[in-house]
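Here the sequence shown is numbered in the numbering used here, starting from 50 and rising by one per residue.
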Amino acid sequence: MSDPVLYEVEGFAARLTLARPERRNALSDDLVDALLSGLRRALADEHVRVVVLTAQGNTFCAGADLKAGGVARRSGEQPFVTLLRTLWDSPKPVIGCIPGSAYGGGVGLMAACDLVLAAEEASFAFSEVRIGVVPAMISVVVLPKIGIQHGMWLFLTGERFDARRAQEIGLVHRVLPRQELSRGLQELLEMLRLAGPKALQHAKWLVRNVPGMPMQEAFARTSTLIAELFASPEAQEGMRAFAEKRQPSWASE
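Pasting the structure below:
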């Protein structure tokens, strides 16, 4: 059997591709394990600054592999929970490049990404209630994106919605025709290439953590952070490059 997830590095970005289109990239145990292994490999590679998550075929991910029995009860943390948490907490930005439809856990993978591009032909649904279960684990990463109002409607009805609706409710940043998705990804990677690698990581940390902090703590921690960053070698290089009207060193790597 072929690898369920393909791993490749191009420039500063690692690409993880779900590669079971004949199974609609359903979340089998081996696919989840392979995706988590690839993600950890990318996070451990000092040359990788950005991770891209995408898929082969017209379905990004159909959710749990129901033919394999769905999610089995295990001792310890569920591997899929570990995967979602690792995506969410990844210090390196994760781009979801969604070429096709996603349902259930597949939408959870999208929600755990930081930046999401989706094909306008794609559709999405939290269809769990229609088979007698609920979007339990993925709610942890989905609800911060779409909020209570949208979550209540979509979780309870299982209604299918399109990419434009996904953009409106906060699951997707940009919607493009499928044939233009690659171009959109390259444009996004070009923008991220211009950002300092450590600055990218700290910017993600701000978005993930500041909204949940008491204001006094948020000001204290961000004041310390900005002082540390201004004194860092990365910022010193960035400011020199600005003064000298050239690109900083990381932009040409």
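Ideal Cβ positions, reconstructed from N, Cα and C, are used throughout, including at glycine.
> So G112 and P70 are in contact, right, with Cβ under 8 Å, and what is the actual spacing, rounded?
Replying inline: Against the sequence shown, residue 112 aligns to sequence position 63. Against the sequence shown, residue 70 aligns to sequence position 21. That belief does not hold up - the Cβ atoms of G112 and P70 are roughly 15 Å apart, past 8 Å.
> How is E293 classed by DSSP in three states: helix, strand or coil?
Replying inline: Counting from one through the sequence shown, the residue named residue 293 turns up at place 244. Residue state, collapsed to three classes: coil.
> Taking contact to mean at least 3 C-beta pairs separated by less than 8 Å, is the region 171–183 in contact with the region 248–256?
Replying inline: Segments in contact, no.
> Is S176 helix, strand or coil by DSSP?
Replying inline: Position 127 of the sequence shown, counted from the start, is the residue given in the question as residue 176. Residue state, collapsed to three classes: coil.
> Can you list, in chain order, the stretches of the alpha helix (DSSP H) that have 4 or more residues and sit fully within the region 87–137?
Replying inline: none
> Taking L164 as the reference, which of L80, H222, G149 has the closest Cα?
Replying inline: By 1-based counting over the sequence shown, the position of residue 164 is 115. Relative to the Cα of L164, the nearest Cα in the group L80, H222, G149 belongs to H222.
> Around the Cβ of F279, are there at least 16 other Cβ atoms within 10 angstroms (buried) or fewer (exposed)?
Replying inline: Walking along the sequence shown from the start, residue 279 turns up at place 230. Exposed.
> When you compare only the Cα positions, how much space is there between S301 and R98?
Replying inline: Reading the sequence shown from its first residue, position 252 is the one you call residue 301. Reading the sequence shown from its first residue, position 49 is the one you call residue 98. Whole-angstrom Cα-Cα distance: 13 Å.
> Straight-line CA distance for L166 to Q216?
Replying inline: On the sequence shown, residue 166 is found 117 positions in, with the first residue counted as 1. On the sequence shown, residue 216 is found 167 positions in, with the first residue counted as 1. Whole-angstrom Cα-Cα distance: 9 Å.
> When you compare only the Cα positions, how much space is there between L274 and A93?
Replying inline: On the sequence shown, position 225 is the one that residue 274 refers to. On the sequence shown, position 44 is the one that residue 93 refers to. One C-alpha to the other measures close to 24 Å.
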